[in-house]
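For reference, each letter of the sequence shown is one residue, going 1 to 180 in the working numbering. A quick write-up on the structure given underneath.
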Amino acid sequence: MGLDQIIKDCQANSIKAQEQLYRLLAPKLFAVCLKYSRSRVDAEDNLQDGFLILFDKIGQYRFQGSFEGWAKRVMVNNVLQKYRTQGIFDLVSENMPDQADVEIEADDISMEFLVKIIQELPDRYRMVFNLYVTDGYSHKEIAEMLGITDGTSKSNLARARMILKEKIETHQGKRLPNAK
């Protein structure tokens with residue numbers, strides 16, 4: 001059975017089709033949730049909640065564009081909505097520090113380490129970093145999605161990059177952990 005038929009069956013509330021769609025997309029969508037969540041446990045919760053929303057809203061999908069892209073957007077919006085209600089995007093400051101360049105010696109850094117340090121970022125920095133760097137949204141789009149200003153988006157990205165740079169340098173032994 002093709003993806004289009006599975007989607008149509010899901011729109012008709014077929015539990016079997018929902019299970020098929022879940023099995024098909026869960027690994028990819030879990031990676032999306034993991035990117036935006038504080039921990040693996042939060043990512044698992046966000047994936048489950050996101051699929052409930054996806055199945056509830058699947059009737060809105062009009063078979064235009066990529067279904068995976070549409071599903072990914074549902075997952076990202078689910079996570080962002082949770083954080084929005086927690087007030088993590090409240091204005092902090094729009095003063096932007098200088099842009100931090102991050103040089104990575106690939107032999108020293110594992111993907112697991114990168115995921116770990118990105119997850120350790122404060123929520124608002126992690127969200128802006130992922131939306132801008134990994135998903136390619138503009139600061140204007142991020143500002144609209146998160147209900148913040150362009151300047152706050154830019155500032156949060158700069159701070160995220162500085163934190164990541166410090167953690168990578170410490171990991172690579174280029175800085176002492178307490179040095180500034």
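Yeah, the Cβ is synthetic: ideal placement off N, Cα and C, and Gly gets one too. Bear in mind that the values here come from a model prediction, so they are computed numbers and not experimental data.
Nearest-angstrom Cα separation, counted from residue j out to residue i
i: residue 181; j: residue 30; result: Limits of the chain in this structure are 1 at one end and 180 at the other, which puts residue 181 out of reach.
i: residue 63; j: residue 120; result: 37 Å
i: residue 53; j: residue 127; result: 20 Å
i: residue 158; j: residue 171; result: 20 Å
i: residue 70; j: residue 173; result: 42 Å
i: residue 78; j: residue 116; result: 21 Å
i: residue 167; j: residue 47; result: 28 Å
i: residue 123; j: residue 18; result: 31 Å
i: residue 2; j: residue 169; result: 47 Å
i: residue 109; j: residue 133; result: 18 Å
i: residue 135; j: residue 65; result: 17 Å
i: residue 161; j: residue 154; result: 11 Å
i: residue 125; j: residue 156; result: 5 Å
Cβ-Cβ distance between residue i and residue j below 9 Å
i: residue 80; j: residue 129; result: no
i: residue 75; j: residue 32; result: yes
i: residue 84; j: residue 146; result: yes
i: residue 118; j: residue 16; result: no
Same chain, Cβ closer than 8 Å to residue i, neighbours up to 5 away in sequence not counted
i: residue 111; result: none
For residue j and residue i, believed in contact at Cβ under 8 Å, the rounded distance
i: residue 7; j: residue 58; result: 7 Å
i: residue 61; j: residue 67; result: 6 Å
Contacting residues, own chain, Cβ-Cβ under 7 Å from residue i (five flanking each side not counted)
i: residue 150; result: 139, 140 and 143
Point to revise | Any alpha helix (DSSP H) of 4 or more consecutive residues that is wholly inside the region 10-42 | key: Runs of the alpha helix (DSSP H) inside the region 10-42: 15-36.
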